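Trainee:
Protein chains in written order, with the working numbering: chain A, 1 to 610; chain B, 611 to 747.
Written as structure tokens, this is what we have:
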């Protein structure tokens, strides 16, 4: 009977259990996580729970056993009870280190106690170890702070429910592997700046940012350099305030990924000593972004990357491959590397603005170019006829800059390319002859069709290469502005004149070879900065007659200047002579004075009556 | 134009092609032999630094970093009158990009030669090399 009855009851029970069991199984896992004191965090606990669950279920199958268990526990719900019981029953909690270098410590109901009390209690528990609580604050009922050491985090983890506080409750400690949040704003930037200033040694141009986040001046913010946003801000502050920094110490900052440090070589060009010891840099390859730094000293001890080398010599050699100028690594002087002579750094000789094969040619060159470009940059280039030999030849080549990503309309060189005599492209003899302009009429007519210009005369690099009575060769490099083209683009040019004496004893161009391309960004920035447009070359007129472009005699030269000035300004001869006389027959100066007075409206209308 | 003048124009272009081929090959690959291409009294003006004489040019060139020149444009004209010691004289302008050792960037350059035919060999009377950079002082 009892068997039967038992069986029936059993059947019913088991049915009931089965039903409940599903809830129970799934419930156990969930419930044990929730009210349990953070127990479910590790797998071992979880496995144990499941195991107990199984035992419990087996027990439930036999009525008496289950009953006994439930009674023993003395808790409300037999089926609900195992989880909390087990939670309390198992004290061997296991701490699992996380991937992040920081741990958040949460003390539920910590708000009930003074910060001081909680910290002292915890400190005495983990004694003789000590921890530094970062960014302690009250969040609702809980007290929250951070530690930056995995061992201390584990010690605190073990303190959970071990300490009974004055109110009779046990202190709960929850440990989470998480990093404090931070926003870089003006306030933080200012704080960082002050903290950095105090760590800077001006005498050695060295900045020590060791364990920066633990700086007492930054105690209330999470200012950790392993966060790229903070590191980049720090680099900006350095670049703004100490751009010539030579030594930087980043030891003990939990640096891991340092890809963003690739801006260092650009920002801090003088940096040659870098300490990055006791960080978490995983591979030697992680240092690739720093390769461009001309480091002579590097400190890497205390990084996981060192563990990857079983042979120290290979480590040293691999680091030196990345930083060939290194003389000290991890505090040890390196033996001088045996390199190849050919690999040594060779720098280009400094550039000079001008070279004169014969200083005697200086005045002639200056005079000639000033006059030539005064006409070339004027409204009409026709007067240049006088500057060319009857049988002069002229050619022009043009090309775009390589890898020029700029794509503005102003970058187009159509006006030049279509007439470019680039013989690497133009291979037909006929075409090569055609693109060479011969005879002064053809030359000047070709020049007249090119875009109108203003040349940056002060920016010219002029090389006088040949200076003999029979022949003068001079080469110019510089920039000009197209004055009537949309957007007034600036171009770069290279031009050579072969100049010979003419029948009248003056000089004229017999060969003119021009190359035109776009300016580089560097040229753009410097173009016209010497302000030639407002301040032309003021050379003291030579006491002796200076050689002029065509006519040798002073009278002839003056006549030519007069004609040119009259043509360009529209003033009559009387006023033109006046203007030239008052400027000592310096054509450029005369033109400049005219332009200035004219803009100011100081030239009377009668000056233009011819 | 007489036929001789026209021929001279053609010849200037063809000589320029041959000359620059040889010149940049020597500068880039056989720098120690480059000065042979200059007249004994030849002149090199490198970015405004003037060097006169074959030997000094050789020394100056050897001190420059290893280079690689790539030509983009070439132009040539005969200097019509026999002005340099009655020898055939050509004006050559070569422009392109140069890369130097330890610096991957391509730098635009412009170079102008005056070459003369001496004893059946073309020799550089003057060579003016300029990198395309701002020259404002």
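Every residue gets a Cβ at the ideal spot worked out from N, C-alpha and C, and that includes glycine. Bear in mind that the values here come from a model prediction, so they are computed numbers and not experimental data.
In the DSSP assignment, find the beta strand (DSSP E) that holds residue 493 of chain A and state where it starts and stops.
Mentor: Element bounds for residue 493 of chain A: 490 to 501.
Trainee: Please report the straight-line C-alpha distance between residue 359 of chain A and residue 469 of chain A, rounded to a whole angstrom.
Mentor: Going from the Cα of residue 359 of chain A to the Cα of residue 469 of chain A covers about 14 Å.
Trainee: Enumerate in chain order the residues of its own chain whose CB-to-CB distance from residue 401 of chain A is below 8 Å, with the five nearest sequence positions on each side excluded.
Mentor: Correct list, in chain order: 517, 518, 520.
Trainee: Take residue 335 of chain A as the anchor and find which of A/317, A/175, A/349 has the nearest alpha-carbon.
Mentor: Per the Cα distances, A/317.
Trainee: For the 8 Å Cβ check, are there 3 or more pairs between the stretch 482 to 489 of chain A and the stretch 358 to 373 of chain A?
Mentor: Contact between the stretch 482 to 489 of chain A and the stretch 358 to 373 of chain A is absent, because fewer than three Cβ pairs lie under 8 Å.
Trainee: Counting only beta-carbon atoms, is residue 405 of chain A nearer than 7 Å to chain B?
Mentor: Chain B contact via Cβ: absent.
Trainee: Which runs of the alpha helix (DSSP H), 4 residues or longer, sit entirely within the stretch 121 to 203 of chain A?
Mentor: For the stretch 121 to 203 of chain A, whole alpha helix (DSSP H) runs of length 4 or above, ordered along the chain, are 150 to 158, 186 to 198.
Trainee: How is the beta strand (DSSP E) around residue 732 of chain B delimited, first residue to last?
Mentor: 731 to 741 is the extent of the beta strand (DSSP E) around residue 732 of chain B.
Trainee: In the structure shown, what three-state DSSP assignment does residue 227 of chain A receive?
Mentor: If DSSP states are grouped into helix, strand and coil, residue 227 of chain A belongs with coil.
Trainee: Are there 16 or more other CB atoms within 10 angstroms of the CB of residue 601 of chain A, so buried, or fewer, so exposed?
Mentor: The residue is exposed, with fewer than 16 neighbouring Cβ atoms inside 10 Å.
Trainee: What does the alpha-carbon distance come out to for the pair residue 260 of chain A and residue 356 of chain A?
Mentor: Going from the Cα of residue 260 of chain A to the Cα of residue 356 of chain A covers about 49 Å.
Trainee: Which residues does DSSP pair with residue 456 of chain A in a beta bridge?
Mentor: Paired residue(s): none; residue 456 of chain A is not in a bridge.
Trainee: Considering only DSSP beta bridges, list what residue 104 of chain A is partnered with.
Mentor: Per DSSP, A/146, A/176.
Trainee: Against chain B, with Cβ distances strictly below 7 Å, would residue 522 of chain A count as a contact?
Mentor: Yes - at least one Cβ of chain B is within 7 Å of the one on residue 522 of chain A.
Trainee: How is the beta strand (DSSP E) around residue 749 of chain B delimited, first residue to last?
Mentor: The displayed coordinates of chain B run from 611 to 747. Any statement about residue 749 of chain B would go beyond what the structure contains.
Trainee: Applying a beta-carbon distance threshold of less than 7 Å, which residues of chain A neighbour residue 611 of chain B?
Mentor: Simply 438.
Trainee: Closest to residue 419 of chain A by C-alpha separation, out of A/412, A/396, A/427, would be which residue?
Mentor: If we check each option's Cα against that of residue 419 of chain A, A/396 comes out closest.
Trainee: Can you tell me which of A/145, A/329, A/522, A/239 puts its alpha carbon nearest to the alpha carbon of residue 221 of chain A?
Mentor: Ranking A/145, A/329, A/522, A/239 by Cα distance to residue 221 of chain A puts A/145 first.
Trainee: Enumerate in chain order the residues of its own chain whose CB-to-CB distance from residue 495 of chain A is below 6 Å, with the five nearest sequence positions on each side excluded.
Mentor: So the list reads 476, 514, once near-sequence residues are dropped.
Trainee: If you follow the alpha helix (DSSP H) that residue 443 of chain A is part of, which residue opens it and which one closes it?
Mentor: Where residue 443 of chain A is concerned, the enclosing alpha helix (DSSP H) stretches over 440 to 449.
Trainee: With a CB to CB cut of under 6 Å and the five nearest residues on each side skipped, what residues in its chain are close to residue 739 of chain B?
Mentor: Cβ neighbours of residue 739 of chain B beyond the five flanking positions: 656, 721.
Trainee: Run through DSSP, which three-state label would residue 350 of chain A get?
Mentor: Coil at residue 350 of chain A, not helix or strand.
Trainee: Give the single residue among A/156, A/604, A/506 whose Cα lies nearest to the Cα of residue 572 of chain A.
Mentor: Cα-wise, what sits closest to residue 572 of chain A is A/604.
Trainee: Quick one: which chain B residues come within Cβ less than 7 Å of residue 358 of chain A?
Mentor: Residues of chain B passing the Cβ test: none, with the nearest at roughly 11 Å.
Trainee: State the Cα-Cα distance for the pair residue 353 of chain A and residue 458 of chain A, rounded to the nearest angstrom.
Mentor: Approximately 10 Å, taken between the alpha carbons.
Trainee: Looking at residue 232 of chain A: is its Cβ nearer than 7 Å to the Cβ of residue 274 of chain A?
Mentor: Contact flag unset, no.
Trainee: Going by beta-carbon coordinates alone, are residue 245 of chain A and residue 276 of chain A separated by less than 7 Å?
Mentor: Contact: no.
Trainee: So, helix, strand or coil for residue 54 of chain A, using DSSP?
Mentor: Low per-residue confidence applies at residue 54 of chain A: pLDDT is 38, beneath 50, and the placement is therefore not dependable enough to give any value.
Trainee: How many whole angstroms separate the CB atoms of residue 737 of chain B and residue 653 of chain B, which I take to be in contact at a CB cut-off of 8 Å?
Mentor: Going by Cβ atoms, the distance from residue 737 of chain B to residue 653 of chain B rounds to 7 Å, so yes, they are a contact pair.
Trainee: Let me know the alpha helix (DSSP H) ranges lying completely inside the stretch 364 to 418 of chain A, each 4 residues or longer, listed in chain order.
Mentor: Runs of the alpha helix (DSSP H) inside the stretch 364 to 418 of chain A: 414 to 417.
Trainee: I'd like to know whether the C-beta of residue 391 of chain A is nearer than 7 Å to at least one C-beta of chain B.
Mentor: Cβ-Cβ to chain B under 7 Å: yes for residue 391 of chain A.
Trainee: Between which residues of its own chain and residue 125 of chain A is the CB-CB distance below 7 Å, once the five residues before and five after are set aside?
Mentor: Hits under 7 Å: 159, 162, 163.
Trainee: Check whether the stretch 640 to 650 of chain B touches the stretch 668 to 676 of chain B, counting contact only when three or more Cβ pairs, one atom from each stretch, lie closer than 8 Å.
Mentor: With the cut-off at 8 Å, the stretch 640 to 650 of chain B and the stretch 668 to 676 of chain B touch.
Trainee: Taking only the alpha-carbon atoms, compute the straight-line gap between residue 385 of chain A and residue 441 of chain A and give it to the nearest angstrom.
Mentor: Approximately 7 Å between the Cα atoms of the pair.
Trainee: If residue 280 of chain A sits next to residue 322 of chain A, beta carbons under 8 Å apart, how far is it from one beta carbon to the other, in whole angstroms?
Mentor: Their Cβ separation, rounded to whole angstroms, is 19 Å, which puts residue 280 of chain A and residue 322 of chain A out of contact at 8 Å.
Trainee: Anything in the stretch 489 to 512 of chain A with a Cβ closer than 8 Å to a Cβ of chain B? List those residues in chain order, please.
Mentor: Those would be 492, 494, 496, 498, 500, 510, 511, in chain order.
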